[in-house]
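Inspection log for the structure reproduced underneath, given as structure tokens.
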Amino acid sequence: MRANHHFVAWATLLILIISTVLRHRNVHAFVPSLPSCSFSPLHVSRSSSSSNSGRRNHDDEDEEQRYQAALAHNKIRTDVKNFLTQRAIQSFIFLLVQCRDPHTVRWMENTYEFRNMESYHGTGAFNLTKWKTWDSILDDMLHQPKDCVIVQAKRRGKGHGGWSANNPYLEERFVEFRIDIDPVSLASRILSVREQIAREWMEDLVTLRTANDQILDSYYDMGRAAREDESSSSSSKDSEENVEQLVTPYSGIDEKQRRVFDRNAMLMLTSTMIFKAFASSPQRQGNFDLLYLLLTQESLHRVLREYRESGDEREVSYEWLKGFYLARVGSFFDGHQDYGRADDFLEELLLAPPSTKELSSSRIGLIDPLRIAEDIITMRSVVAEEWKTEIASVPEDHMGLRKKLLSKQMGSYDPLVEQESSTPRSSLEDENDGVFQ
Ligand SMILES: *[C@@H]1O[C@H](CO)[C@@H](O)[C@H](O)[C@H]1NC(C)=O
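Just so you know, the sequence shown maps onto residues -23 to -1, 1 to 414 in mature numbering (1 follows the signal peptide of the UniProt record, and there is no 0).
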């Protein structure tokens, strides 16, 4: 009996272990396949069938074309003005939810194919093939017809208005509410939110830049402190810890030990917000966190481009960083994310060990993640400055759209009102029992 129990327990454990191993294997098998997805099968088949001498040219051309396409897409993807529109729409949706207007929210989500607008914490939310520039969606709203949704609510019936839920003679009755959706007016309100967020980002980009400039100092300080700790503790304990780290990366180490630099950005934002007289837009922290993430991604793209353009000299760094980035783009940059992913990414980069790689010309290239991280950090300051200039022109950008908006409101307002008053009255007014008497 007892032996039987033991057997069952062991078998269960074994199954658990096997399934865990299998699951992990699946995950690992999946991750490296991500980068290879970006190479089109078309390209492979064509290059293998063409002659050897023409192949080189074809390859280069294809490669160049793919690169240009990716470049164009990336520029739209990390465009700060595009992102500002996204956050303006999301903040506006947030306000609508606060005001209990789920119908307009649903209309927006259906029209622009975007779920969970209110709570999505990520960049690149809209379909960028369709909405390429910052004003694409807003301009589209100007051309959307007025819409209305009819909402039904139970007015009288079983279990309502004091009637028993079991009364078989009572017929159910509904009231209908009509909710008008005027896309032109929505666009106008979103523009106002967009301007407010732009004003905040002018400050936030300064804050980000200051925090960014402190990261490397903080990293060196912490490294020095850690080395001093190490030299004072015994070496046997040290090697034990190393083994532990190999077996379970991160899980065995407490949070403080893992940090390689101080994460000051959000702290600095919060302190500037406390001392402000006027209220911030909703989701200001969320905006800030994502702005930081987008800034990091854009800087990374630019560093990659720089490496690529400097040719042989940076070939190894380019290949290595591209691989490092592609393996992490899904978990750090695309889609819904946790807070602090920009710092997480940089931390992972700083924790990567230096390595060497053999080049095609049989030279040995050195990969120095610290040097690469420095390049990205330096680039972030440059991009932050540039974005400040771009954001400063937002009110000016809006002038054209505002003009169109106004003429739309003037032009189409009167006929629509007439048309509306000639339509049959809604059932709300036809109801003559109950509530209004
Ligand atoms: C984005 O829009 C393009 C063009 O309208 C469309 O072909 C594509 O399927 C859309 N992508 C997604 C993910 O919906």
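Yeah, the Cβ is synthetic: ideal placement off N, Cα and C, and Gly gets one too.
Give a single yes or no on whether residue i has its beta carbon closer than 7 Å to a heavy atom of ligand 1.
| i | result |
| --- | --- |
| N93 | no |
| N87 | no |
Which value, in whole angstroms, describes the spacing of the CA atoms of residue i and residue j?
| i | j | result |
| --- | --- | --- |
| I353 | A329 | 15 Å |
| D345 | T333 | 9 Å |
| W178 | M245 | 14 Å |
| S338 | E292 | 11 Å |
| L327 | S258 | 34 Å |
| V306 | V170 | 30 Å |
| G101 | S208 | 46 Å |
| D311 | R150 | 48 Å |
| V360 | M199 | 26 Å |
| A130 | F69 | 26 Å |
| P18 | S195 | Residue placement at P18 cannot be trusted, given a pLDDT of 30 that sits under 50; what the coordinates show is reported in the next sentence. For P18 and S195, the distance between alpha carbons rounds to 46 Å. |
| S276 | L268 | 12 Å |
| A49 | L73 | 34 Å |
| G342 | L61 | 40 Å |
| residue 429 | M243 | Past the edges of the chain, shown from -23 to 414, lies residue 429, and the structure says nothing about it. |
| R77 | R83 | 12 Å |
| R348 | P331 | 10 Å |
| T187 | Q260 | 22 Å |
| I167 | F103 | 16 Å |
| A350 | D315 | 21 Å |
| L185 | Y284 | 25 Å |
| D159 | Q75 | 19 Å |
| N51 | Y44 | 10 Å |
| E362 | L182 | 8 Å |
| K109 | D116 | 12 Å |
| S25 | Q42 | Interpretation of S25 is limited by its pLDDT of 36, a score under 50 that renders its predicted location unreliable; the figure taken from the coordinates is listed afterwards. Cα to Cα, S25 sits roughly 18 Å from Q42. |
| H1 | N34 | Confidence is the limiting factor: at H1 the pLDDT is only 40, short of 50, which leaves the residue's position unreliable, though a coordinate-based value still follows. Looking at the two C-alpha atoms, the distance is approximately 41 Å. |
| E325 | Y302 | 11 Å |
| A46 | S96 | 31 Å |
| D239 | L193 | 9 Å |
| L271 | E153 | 45 Å |
| R279 | M356 | 8 Å |
| R176 | D374 | 14 Å |
| I174 | A65 | 7 Å |
| G263 | R318 | 12 Å |
| P372 | K365 | 13 Å |
| L298 | N93 | 33 Å |
| I53 | E367 | 14 Å |
| S(-5) | S287 | Its pLDDT being 44, under 50, S(-5) is placed unreliably by the model, and nothing is read from it. |
| S228 | E90 | Any answer about S228 is weak, because its pLDDT of 43 lies below 50 and its placement is not dependable; what the coordinates show is given next. Approximately 39 Å between the Cα atoms of the pair. |
Which one or two residues does DSSP pair with residue i in a beta bridge?
| i | result |
| --- | --- |
| K334 | G342 |
| E205 | DSSP lists no partner for E205. |
| T88 | According to DSSP, which records beta bridges pairwise, T88 is partnered with nothing at all. |
| D311 | T100 |
| Q386 | DSSP output for Q386 lists no bridge partner at all. |
| Q129 | E153 |
| D198 | Answer is none; D198 lacks a bridge partner. |
| D124 | I158 |
Over the uninterrupted alpha helix (DSSP H) stretch that includes residue i, give me the two end residues.
| i | result |
| --- | --- |
| E296 | 292 to 303 |
| Y316 | No alpha helix (DSSP H) contains Y316, which DSSP labels as neither H nor E. |
| N264 | 261 to 286 |
| R64 | 57 to 75 |
| M118 | 113 to 119 |
Would you give the residue range spanned by the beta strand (DSSP E) that residue i belongs to?
| i | result |
| --- | --- |
| E153 | 150 to 158 |
Chain-ordered residues, beta carbon under 5 Å from a heavy atom of ligand 1: N104, T106, K107
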